[in-house]
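Those letters in the sequence shown? Residues 1 to 393, by this note's numbering.
Note that the Cβ used here is the ideal one computed from N, Cα and C, for glycine as well.
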Amino acid sequence: MQLYRFALSRRAVHASVGLAAAAGAAAAIALLRHSPPVPTPSPAPRVAAHSAPRAPAPPTASASAANVPRKTAPQRPKSQPVKPRPKPRPPVRLPQPLPVVAHLVSTPKAIQVRDASGRQWQPYQRGRPIRRGELLRPSTATARIRTVQGDDILLNQGTVAQFRGDSIALFRGEVFVTAQHSSRGFVVRTPGTTTTVHGTQFNVKLAGQAAQVTVVEGTVQVGTSAGTCRLTGSQQTTADPGRRPSAPAVVDVNLVIAWTGQSAAPLVAAAPLPPPTEPQQLPGVTFAVKASTDTGWFAENETTVTFVATLQCAPTAPRGLKLATTVSNAAGKTVTQREETLADDEHRYRVKKVVLDRLPVGEYVAQFTLAAGTQQSTREVRFSVRQGDGSLP
Numbered sequence: 001m002q003l004y005r006f007a008l009s010r011r012a013v014h015a016s017v018g019l020a021a022a023a024g025a026a027a028a029i030a031l032l033r034h035s036p037p038v039p040t041p042s043p044a045p046r047v048a049a050h051s052a053p054r055a056p057a058p059p060t061a062s063a064s065a066a067n068v069p070r071k072t073a074p075q076r077p078k079s080q081p082v083k084p085r086p087k088p089r090p091p092v093r094l095p096q097p098l099p100v101v102a103h104l105v106s107t108p109k110a111i112q113v114r115d116a117s118g119r120q121w122q123p124y125q126r127g128r129p130i131r132r133g134e135l136l137r138p139s140t141a142t143a144r145i146r147t148v149q150g151d152d153i154l155l156n157q158g159t160v161a162q163f164r165g166d167s168i169a170l171f172r173g174e175v176f177v178t179a180q181h182s183s184r185g186f187v188v189r190t191p192g193t194t195t196t197v198h199g200t201q202f203n204v205k206l207a208g209q210a211a212q213v214t215v216v217e218g219t220v221q222v223g224t225s226a227g228t229c230r231l232t233g234s235q236q237t238t239a240d241p242g243r244r245p246s247a248p249a250v251v252d253v254n255l256v257i258a259w260t261g262q263s264a265a266p267l268v269a270a271a272p273l274p275p276p277t278e279p280q281q282l283p284g285v286t287f288a289v290k291a292s293t294d295t296g297w298f299a300e301n302e303t304t305v306t307f308v309a310t311l312q313c314a315p316t317a318p319r320g321l322k323l324a325t326t327v328s329n330a331a332g333k334t335v336t337q338r339e340e341t342l343a344d345d346e347h348r349y350r351v352k353k354v355v356l357d358r359l360p361v362g363e364y365v366a367q368f369t370l371a372a373g374t375q376q377s378t379r380e381v382r383f384s385v386r387q388g389d390g391s392l393p
């Protein structure tokens, strides 16, 4: 009976508890309905791995064991890569000198040389060969050149010529050529004119741009862009650039090439006249006159001429000799006249220089009279003064 009462009371307790729980649930529901909604929290943003470093995890036993250095067998060093051999450098080729084309036979003191690439004239050194393309300029005397082929070339004073082997280029002045091998030919070039030698001797004079060609022996062909002209011995032509050479004319070759004599006179040529049939003579006196070989004729004045009067007297020769000099031009007019007394010397041998100044270009006759009282002896010399012109290109 008591057990039954306990069971009933237990059921009542459970029933009241359930009613209370139901009432509390209903009250909670009503409260939620009348309260504002609560916002749902957004998930936290992910942090990049590199923005905040993480603390290193404690090493595990396996990791700590892996960090222990292992003993490895020694390895053989790797062979160094083979460097390629450097390519051999090409040999340095030094500039080879140009071939020798001529040699200077006579070496006057005042001669200058310039190579093809140079701009300044240099004094010529004795014994120096002439190479292809070089220019020569004798200042106060003639210069004789011999090519390697054996041709002889004589340059007048003030001439400028370039040597090119079997030819020369004439820029100013005058040259006289003696060609040894006519079959091979020798060429002289001037601005606008080409002279080809088929003979032995010829003379070329350049006056401005015009070339005057005179043939002594053999045959020479003169050509320009307008035509050609063929010359033989004792003939002369004048050729201007762009014009046909003039017709051949016969000239006195001795007057043209007189400057090429043994004297060193560059612009004055002297050739003695034939002696008269009955020359007047002084007893015991040998009298001769010739052009001077002094290379200083034209140091200051290109129209200065020097002659040398040579006297050889025997013991019986008269004393008080007088030398009179008279110079006349081609028209017969007296240009200069002088007279001087020669001093007696012990050896009875005298050399007297006669200097003629301020002679213009032209033809002249110089008369030298040696007199002693009423007796006299006369010598005559015919000469010409020619002045070259032209300019370097």
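The beta carbons of residue 144 and residue 169 sit no closer together than 8 Å.
Annotation note: the segment 107 to 167 contains the following uninterrupted beta strand (DSSP E) runs of length 3 or greater, listed N- to C-terminal: 111 to 114, 135 to 138, 143 to 147, 152 to 155 and 160 to 163.
With contacts defined by Cβ atoms closer than 8 Å, residue 222 and residue 193 form a contacting pair. Taking each of 133, 225, 88 and 121 in turn and checking the Cα distance to residue 139, the smallest one comes out for 121. Bridge partners of residue 105 according to DSSP: none are assigned. Shown here, residue 253 sits in a helix according to DSSP, grouped into three states. A distance of 8 Å or more separates the beta carbons of residue 224 and residue 248.
Listed in chain order, the non-local C-beta contacts of residue 352 below 6 Å within the same chain comprise 309, local neighbours out to five positions each way being set aside. Here DSSP, grouped into helix, strand and coil, assigns residue 325 to strand. In terms of Cα proximity to residue 342, the closest of 328, 331 and 318 is 318. In this structure residue 153 is not in contact with residue 216, their Cβ atoms being roughly 14 Å apart against a cut-off of 8 Å. Taking all protein chains in view, the Cβ of residue 374 is surrounded by fewer than 16 other Cβ atoms within 10 Å, so the residue is classified as exposed.
For residue 29, there are no CB contacts under 8 Å within the same chain when 5 residues up- and downstream are skipped.
Between residue 355 and residue 306, the C-beta spacing is below 8 Å. Excluding the 5 residues flanking it on each side, residue 250 has same chain C-beta neighbours closer than 7 Å at 234 and 235, in chain order. Among the bridge pairs identified by DSSP, residue 171 is matched with none. For residue 253 and residue 213, the gap between their C-alpha atoms comes out near 11 Å.
Residue 151 and residue 96 have their C-alpha atoms spaced approximately 25 Å apart. For residue 211, the uninterrupted beta strand (DSSP E) segment begins and ends at 210 to 217.
Per DSSP, reduced to three states, the secondary structure at residue 288 is strand. Apart from the 5 residues on each side of it in sequence, residue 245 sits with its Cβ closer than 6 Å to the Cβ of 222, 229, 237 and 239 in its chain, given in chain order. DSSP places residue 372 in the strand class (E or B) of the three-state scheme. Judged by their CB atoms, residue 167 and residue 148 are not nearer to each other than the 8 Å cut-off. The secondary-structure analysis by DSSP pairs residue 189 across a beta bridge with 169 and 194. Per DSSP, residue 83 has no beta-bridge partner at all. Residue pairing from DSSP places residue 221 in a beta bridge opposite 196 and 230.
Around residue 99, the same chain offers 131 and 132 as residues with beta carbons nearer than 7 Å, after the five sequence neighbours per side are excluded.
If you check the CB distance, residue 137 and residue 103 do not come in under 8 Å. DSSP places residue 204 in the uninterrupted beta strand (DSSP E) bounded by 201 to 207. Here residue 201 is buried: its Cβ has 16 or more other Cβ atoms, across all protein chains shown, within 10 Å. Restricting attention to 119, 204, 111 and 134, the CA atom closest to the CA of residue 126 is found in 111.
Per DSSP, reduced to three states, the secondary structure at residue 366 is strand. Burial is judged here by how many other beta carbons sit within 10 angstroms of a residue's own beta carbon; residue 117 has fewer than 16 and is exposed.
Taking the CA atoms as reference points, residue 171 sits about 16 Å from residue 142.
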